[in-house]
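J.:
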Amino acid sequence: MGGVGAGDEGVADPVRVRRARWARWAATGKRVGYGLILLAVVAFAAGALTGFPPLATTTVTAALAGSTVTLAPGIVIAYAVKAAEREDRELGR
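Numbering of the sequence shown is given in numbering that gives the first Met the number 0, commencing with residue 0 and proceeding in unit increments.
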(Lines of atoms letter the chains of each structure in order from A and count residues from 1; the text may use other names and numbers.)
(Lines give C-alpha, C1' and ligand atoms only; values in the text may rest on other atoms or scores of the structure.)
Protein backbone atom coordinates (compact mmCIF):
# COMPACT_ATOMS: atom_id res chain seq x y z
CA MET A 1 0.00 0.00 0.00
CA GLY A 2 1.36 3.39 -0.89
CA GLY A 3 1.48 6.56 1.08
CA VAL A 4 2.37 9.97 -0.14
CA GLY A 5 5.01 9.68 -2.81
CA ALA A 6 4.30 6.01 -3.60
CA GLY A 7 3.14 6.45 -7.16
CA ASP A 8 0.62 9.14 -6.39
CA GLU A 9 2.70 12.24 -7.03
CA GLY A 10 0.53 15.29 -7.51
CA VAL A 11 -2.18 13.99 -5.17
CA ALA A 12 -2.04 15.84 -1.88
CA ASP A 13 -3.15 14.08 1.27
CA PRO A 14 -5.89 16.30 2.71
CA VAL A 15 -4.79 15.56 6.28
CA ARG A 16 -1.23 16.66 5.54
CA VAL A 17 -2.48 19.77 3.74
CA ARG A 18 -4.64 20.70 6.73
CA ARG A 19 -1.77 19.94 9.11
CA ALA A 20 0.56 22.17 7.08
CA ARG A 21 -2.01 24.97 7.25
CA TRP A 22 -2.19 24.62 11.05
CA ALA A 23 1.61 24.60 11.21
CA ARG A 24 1.73 27.90 9.29
CA TRP A 25 -0.84 29.44 11.64
CA ALA A 26 1.12 28.20 14.65
CA ALA A 27 4.36 29.66 13.27
CA THR A 28 2.64 32.99 12.66
CA GLY A 29 1.15 33.00 16.16
CA LYS A 30 4.51 32.24 17.70
CA ARG A 31 6.25 34.91 15.63
CA VAL A 32 3.67 37.55 16.57
CA GLY A 33 3.65 36.46 20.23
CA TYR A 34 7.41 36.60 20.60
CA GLY A 35 7.47 39.93 18.77
CA LEU A 36 4.95 41.31 21.24
CA ILE A 37 7.07 40.11 24.15
CA LEU A 38 10.04 41.91 22.61
CA LEU A 39 7.91 45.03 22.29
CA ALA A 40 6.88 44.72 25.96
CA VAL A 41 10.51 44.40 27.07
CA VAL A 42 11.57 47.42 25.01
CA ALA A 43 8.62 49.47 26.26
CA PHE A 44 9.38 48.44 29.84
CA ALA A 45 13.04 49.48 29.48
CA ALA A 46 12.00 52.79 27.91
CA GLY A 47 9.47 53.30 30.66
CA ALA A 48 12.04 52.57 33.34
CA LEU A 49 14.29 55.25 31.88
CA THR A 50 11.51 57.84 31.66
CA GLY A 51 9.60 57.30 34.90
CA PHE A 52 6.92 54.99 33.50
CA PRO A 53 4.64 57.38 31.65
CA PRO A 54 1.11 56.10 30.91
CA LEU A 55 2.01 55.29 27.29
CA ALA A 56 4.79 52.93 28.39
CA THR A 57 2.63 51.09 30.91
CA THR A 58 -0.24 50.80 28.45
CA THR A 59 2.11 49.49 25.78
CA VAL A 60 3.65 46.90 28.12
CA THR A 61 0.23 45.73 29.30
CA ALA A 62 -1.25 45.52 25.80
CA ALA A 63 1.81 43.76 24.37
CA LEU A 64 1.82 41.17 27.15
CA ALA A 65 -1.93 40.59 26.75
CA GLY A 66 -1.53 40.23 22.99
CA SER A 67 1.36 37.83 23.39
CA THR A 68 -0.74 35.67 25.70
CA VAL A 69 -3.53 35.51 23.15
CA THR A 70 -1.23 34.63 20.23
CA LEU A 71 1.78 32.82 21.70
CA ALA A 72 0.11 30.23 23.93
CA PRO A 73 -2.16 28.79 21.20
CA GLY A 74 0.71 28.94 18.70
CA ILE A 75 2.95 26.86 20.96
CA VAL A 76 0.21 24.32 21.71
CA ILE A 77 -0.78 23.95 18.05
CA ALA A 78 2.86 23.63 16.95
CA TYR A 79 3.37 20.89 19.55
CA ALA A 80 0.24 19.09 18.35
CA VAL A 81 1.36 19.22 14.71
CA LYS A 82 4.82 17.87 15.62
CA ALA A 83 3.27 15.08 17.69
CA ALA A 84 0.97 14.09 14.82
CA GLU A 85 3.88 14.05 12.37
CA ARG A 86 5.96 11.96 14.78
CA GLU A 87 3.10 9.49 15.20
CA ASP A 88 2.70 9.22 11.42
CA ARG A 89 6.44 8.48 11.05
CA GLU A 90 6.34 5.86 13.80
CA LEU A 91 3.35 4.15 12.19
CA GLY A 92 4.92 4.32 8.74
CA ARG A 93 2.29 6.57 7.20
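Even glycine gets a Cβ: it sits at the ideal position worked out from N, Cα and C.
1. Does the stretch 48–58 come within contact of the stretch 14–21, defined as at least 3 CB pairs closer than 8 Å?
2. Looking only at its own chain, which residues have a Cβ that is under 7 Å from the Cβ of A25, when we skip the five neighbours before and after it?
3. Taking the continuous alpha helix (DSSP H) assigned at G50, which residues delimit it?
4. Are there 16 or more other CB atoms within 10 angstroms of the CB of T69, so buried, or fewer, so exposed?
5. Go ahead and pull the three-state DSSP assignment for L90.
6. Would you say A82 and V59 are within 9 Å of each other, going by their C-beta atoms?
7. Mind checking G91: buried by the 16 CB within 10 Å criterion, or exposed?
8. Return helix, strand or coil for A11, following the three-state DSSP convention.
T.: Considering the structure as presented:
1. no
2. For the purposes of this step, residue 25 is taken as the residue at position 26 of the sequence shown. So the qualifying residues of the chain are G73, I76, A77 and V80.
3. Taking the sequence shown and counting its residues from 1, the one referred to as residue 50 is at position 51. From DSSP, G50 is part of no alpha helix (DSSP H); its letter is neither H nor E.
4. The residue you call residue 69 lines up with position 70 of the sequence shown. It counts as buried.
5. Here the question's residue 90 lines up with position 91 in the sequence shown. Coil.
6. On the sequence shown, position 83 is the one that residue 82 refers to. On the sequence shown, position 60 is the one that residue 59 refers to. No, the pair does not count as a contact, with Cβ atoms beyond the cut-off.
7. The residue labelled residue 91 in the question sits at position 92 within the sequence shown. By the neighbour-count rule (16 or more Cβ atoms within 10 Å), G91 is not buried but exposed.
8. The residue labelled residue 11 in the question sits at position 12 within the sequence shown. Residue state, collapsed to three classes: coil.
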